[in-house]
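Novice: Quick one: structure below, then a few questions.
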Amino acid sequence: VPASVSALPQTSSQLSDLREGLIGRLEPFHTPFGDLRLVYTDWTASGRGHRAIERYVESEVLPHYGNTHTSTSITGHQSTCFRHEARQIVAECVNAKVTGRAA
């Protein structure tokens, strides 16, 4: 989220909060040309971790996380439910139909 985006004050504040929560934002790293700060630009492929989301995943998802190919354990069953719910939410957000198979 570019810092130069100007919008309504509330939107600007919200964008600032999002920007501040990014993990690794402006992280220093060493190069042959001296120390530089990380500028992430590949948002389409993967995005960046966000502290609030990672805290949620750590406390609500990972304790119950397991192999989605295993239906005989509570962790496998719960992870399968997480996956189905996530697919449904994304489908609803983009007005898609969940078919259960890749397109």
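When we follow my numbering, the leftmost residue of the sequence shown carries the number 1, and every step to the right adds one. Cβ coordinates follow ideal geometry from the N, Cα and C atoms, glycine included. This structure is a prediction, so every number in the text was calculated from the model and none was measured.
#1: Got a sec, what are the start and stop residues for the beta strand (DSSP E) residue 35 sits in?
#2: Once DSSP output is grouped into helix, strand and coil, what is the label at residue 22?
#3: Starting from residue 80, trace the beta strand (DSSP E) both ways and give me its first and last residue.
#4: Excluding the 5 residues flanking residue 83 on each side, which residues of the same chain have their C-beta closer than 6 Å to its C-beta?
#5: Buried or exposed: where does residue 79 fall if 16 or more other Cβ atoms within 10 Å of its Cβ makes it buried?
Specialist: Considering the structure as presented:
#1: 34-37
#2: It is a strand residue.
#3: Unbroken run through residue 80 is the alpha helix (DSSP H), 74-93; no beta strand (DSSP E).
#4: So the qualifying residues of the chain are 68.
#5: Within a 10 Å sphere around the beta-carbon of residue 79 sit 16 or more other beta-carbons, which makes this residue buried.
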